[in-house]
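Peer 1: Letter by letter, the sequence shown follows residues 0 to 76 in numbering that gives the first Met the number 0. Pasting a structure here, questions to come.
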Amino acid sequence: MPAVEAWLRGGPADGRITHIEVGNDGPLPQAIVLPQTGAYLGARDLPSQPVQHRYLRCTGEVDPPTFRYDGPVPQHQ
């Protein structure tokens, strides 16, 4: 799959640039979901369960493409 680089604004991945996979003909998705997890030193031996965070593509022609933070994805979705 081809990939492009896109900026993430707000949320846990704020200000990062990441690779986004695109379809065979190259369109970017309207939303991406990134799972993130972590552990607290001394509090747990294992990382916590991943929480998925949604980023929505900003409208207009932005180069590189930019996705803004839309919040965590509810666990039941």
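For glycine and all other residues, C-beta sits at the position ideal for the given N, C-alpha and C. Small disclaimer: the values here were computed from a predicted structure and weren't measured.
With burial defined as no fewer than 16 other Cβ atoms inside 10 Å of the residue's Cβ, what is the status of I16: buried or exposed?
Peer 2: By the neighbour-count rule (16 or more Cβ atoms within 10 Å), I16 is not buried but exposed.
Peer 1: Taking the straight line between their C-alpha atoms, what separation do you get for G70 and D13?
Peer 2: Rounded to the nearest angstrom, the two C-alpha atoms are 12 Å apart.
Peer 1: Would you kindly work out how many angstroms separate the C-alpha atoms of Q29 and P49, rounded to a whole number?
Peer 2: In a straight line, the C-alpha of Q29 is about 22 Å away from that of P49.
Peer 1: Do you know offhand how far V3's Cα is from L27's?
Peer 2: In a straight line, the C-alpha of V3 is about 8 Å away from that of L27.
Peer 1: Let me check understanding here. Comparing Cα to Cα, which of H18, A5, V32 and P1 lies closest to D24?
Peer 2: With distances taken between Cα atoms, D24 lies closest to P1.
Peer 1: Name the DSSP beta bridge partners of V32, please?
Peer 2: Beta-bridge pairing links V32 to R53.
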